[in-house]
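Chemist:
Residue numbers (the working numbering): 124 to 804.
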């Protein structure tokens, strides 16, 4: 099962099924057949927020869920609920009150649970529905809170029991969270949007977990006649020390039982809890501590064969898989995610600890680890039963190839309908400086060998990499190179994949290590490519990369001569709790750490051209970041440029916005560095 749009310029995705034996592809849910015009679908505010958290820029069917055997599928479109058979084909609407978000069939395809506003609901397949848990005021049921979705990659807030008789639901109360307003200055007649935003050092939403029975107990149910048991028809609260461990990071409910991973506010402790689904009582199955922070790893923890606990944790300087607290992966391999675990076979994503430019699929079985992919590139995997789908992207060409095997020798490739970029990157990747910073250099494809102004094009912060052995990673960078620049991309300390010490180098200082490593990469690139003109160096970036770009011209104007800062975090006290406190701690107890990483105290040092870009609808890095820095720069008497993007969030998915934004940046760079026009190829 997979999602695919009809063409590279079509943002509307449909649900398809591939028969691995025959290679036949069949569309089972087409938004254009289910809606009048899916491009005009109206999304609820909650659905817009969900897509923003997931960085989902497509339309149509952006997610789907099935029962345990993959027979019945449920999707939401324009707030309406559709269900259908994957084998028989054909989708039909269940006429339930909406708008519907995150529909999920139970494991036995008897009913569908979904979110409607603040409520958790269940619909029968005949269309009748009922509310399982009703939200009220500041309380919601079954949805992920802002922090869980934005920082923990937990996008859901309810889970079916394996037998389909219970739902575990998150109860979220954000009454204590500060309210921020996001207005649209281009439309003053529209009321501002109010969001609950937990900034560093302030209150988070309160999350608890409750077990809800879906069916009333039958007379044969022993609980119905047990006077010592709770009312079987009443929800049961999952009990743990929520004051010490307030964050709910992971929930996994399988035939081996229900486990929950919870985390302390300072993130130095994370515990895995076994949950008694009859009473809600918990016991600690695994308790992890780290003097810096405990990293959350996608797909971990989970119980596998014979109920053994599988956890990814930092040990011996690397992120390793532990089975019943014993490492099963080597200490020279950095585990990035756990994809599947069936029986004693574990499929996971990892890279060598000294090289994060490629990412491979590994399998642990029979006491040994072996790689399923070996070609340099970025590989991802999805597993269901004996069927495995591996997505591979390399430097050999644009796009990716999805190869599906069924475990019995059958194999097929999912057709790609993507357009082929007219720009094919020509990139050189190497390590720079004493810390072996992964560095990529792109030159104009028709370079005559003369001196070139330099553009650094980093992200450079936690949880994201830019120097990857895939052509798609460098298309925009090559476009800038073809306009007459030497483009340098680097992943320094704090970025993922290079081991525990590398990631934790930014503890209490998000500024110095990332910036120093960008400079090392620049100097390393100049040694290899003497055509780089170090008297004309610019830097551009978005989000953390925008922060890094502004930091570069403020701290090191001797190296950087112009900067473009897109959606930058300028003051870490304005960013969210879980991300910021992981690296900088509590601003109320160590304000000097926040001051040391803030851009605002550096405003009086600007002496180079700086372009600030920010979407006014951004609810992740709010526009106040750019506006406060601009105000400080103006107060210090330093000219700069600000480009507000009306109606744009932290993403810029609109085609016209994205294209013209690149052209605007190109014009700024040419003016700032004195670069003439170069014919576009």
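Don't be surprised by glycine CBs; every beta carbon is placed ideally from N, CA and C.
Which of the three DSSP states is assigned to residue 386 in this structure?
Modeler: strand
Chemist: Take the Cβ of residue 637 as the centre, count every other Cβ of all protein chains shown within 10 Å, and call the residue buried at 16 or more, exposed below.
Modeler: buried
Chemist: Could you check whether residue 240 and residue 223 sit closer than 8 Å to each other, using their CB atoms as the reference points?
Modeler: Result no, Cβ atoms of residue 223 and residue 240 do not sit closer than 8 Å.
Chemist: Can we say the segment 707-724 touches the segment 765-774, given the rule of at least three CB pairs closer than 8 Å?
Modeler: no
Chemist: Cα separation between residue 381 and residue 361?
Modeler: 11 Å
Chemist: Closest by CA to residue 619, which one among 590, 645 and 489?
Modeler: 590
Chemist: Do you know whose CA, among 179, 397, 177 and 184, lies nearest residue 139's CA?
Modeler: 184
Chemist: Smallest Cα separation from residue 613: which of 606, 133, 624 and 561?
Modeler: Ranking 606, 133, 624 and 561 by Cα distance to residue 613 puts 561 first.
Chemist: Would you please state the rounded distance, in angstroms, between the beta carbons of residue 577 and residue 655? I believe it to be under 8 Å.
Modeler: 5 Å
Chemist: Among the candidates 519, 639, 236 and 337, whose CA atom is the shortest distance from the CA of residue 280?
Modeler: 236
Chemist: DSSP three-state call for residue 768: helix, strand or coil?
Modeler: strand
Chemist: DSSP state of residue 409, grouped into three classes?
Modeler: strand
Chemist: What are the uninterrupted segments assigned as alpha helix (DSSP H) that are 4 or more residues long and contained completely in the segment 696-782, given in chain order?
Modeler: 700-707, 714-720 and 747-758
Chemist: Can you say whether residue 782 is buried or exposed, counting buried as having 16 or more other CB atoms within 10 angstroms of its CB?
Modeler: exposed
Chemist: Is it true that the segment 300-311 meets the segment 370-377, where meeting means three or more beta-carbon pairs spaced less than 8 Å apart?
Modeler: Not touching, per the Cβ criterion.
Chemist: In the DSSP output, what is residue 302 paired with across the bridge?
Modeler: Paired residue(s): 319.
Chemist: Using a Cβ-Cβ cutoff of less than 8 Å, which residues in the same chain neighbour residue 628 once the five nearest sequence positions on both sides are dropped?
Modeler: 616, 617 and 636
Chemist: Among 537, 639, 255 and 249, whose alpha-carbon lies nearest the alpha-carbon of residue 556?
Modeler: 639
Chemist: Kindly confirm or deny that the segment 604-612 and the segment 465-473 touch, where touching means at least three C-beta pairs closer than 8 Å.
Modeler: no
Chemist: Thinking C-alpha only, which one of 330, 299 and 333 is nearest residue 319?
Modeler: The shortest C-alpha to C-alpha distance from residue 319 to any of 330, 299 and 333 is the one to 299.
Chemist: Just to check my reading of the structure: residue 400 and residue 409 have Cβ atoms closer than 8 Å, yes? What is that Cβ distance to the nearest angstrom?
Modeler: Rounded, the Cβ-Cβ distance is 19 Å, inconsistent with contact.
Chemist: When DSSP labels each residue in this structure, what does residue 125 get in the three-state scheme?
Modeler: strand
Chemist: What is the C-beta distance between residue 790 and residue 671, in whole angstroms, given that I count them as a contact (C-beta under 8 Å)?
Modeler: Not quite, the Cβ-Cβ distance comes to about 22 Å (not below 8 Å), so this is no contact.
Chemist: Rounded to the nearest angstrom, how far is the Cβ of residue 673 from that of residue 683, given a contact under 8 Å?
Modeler: The Cβ separation is near 10 Å, so there is no contact.
Chemist: Tell me the rounded alpha-carbon separation between residue 345 and residue 363.
Modeler: Its pLDDT being 41, under 50, residue 345 is placed unreliably by the model, and the measurement read from it follows with that caveat. Cα to Cα, the separation comes out at about 26 Å.
Chemist: DSSP three-state call for residue 805: helix, strand or coil?
Modeler: This structure leaves residue 805 out entirely; the chain is present only between 124 and 804.
Chemist: Kindly list the residues whose CB is nearer than 6 Å to the CB of residue 643, restricted to its own chain and excluding five residues on each side of it in sequence; keep chain order.
Modeler: 555, 556 and 560
Chemist: For residue 774 and residue 721, what's the separation of their Cα atoms in angstroms?
Modeler: Their backbone Cα atoms lie some 23 Å apart in a straight line.
Chemist: Using only CA atoms, which one of 731, 534 and 506 lies nearest to residue 193?
Modeler: 506
Chemist: Applying the criterion that 16 or more other CB atoms from any shown protein chain within 10 Å of the CB defines a buried residue, is residue 336 buried or exposed?
Modeler: buried
Chemist: Determine which residues share a DSSP beta bridge with residue 182 and list them.
Modeler: 135
Chemist: According to DSSP, simplified to helix, strand and coil, what is residue 618?
Modeler: coil
Chemist: Go through its chain and collect everything with a Cβ distance to residue 175's Cβ below 8 Å, but skip five positions before and after it.
Modeler: 742, 743, 772, 773 and 774
Chemist: Measuring alpha carbon to alpha carbon, tell me which residue in 718, 565 and 570 is nearest residue 648.
Modeler: 565
Chemist: Tell me whether the beta-carbon of residue 458 lies closer than 8 Å to the beta-carbon of residue 442.
Modeler: Between residue 458 and residue 442, the CB-CB gap stays under 8 Å.
Chemist: Within 7 Å: the Cβ of residue 604 and any heavy atom of the ligand FAD?
Modeler: This structure simply doesn't include the ligand FAD, nor any ligand for that matter.
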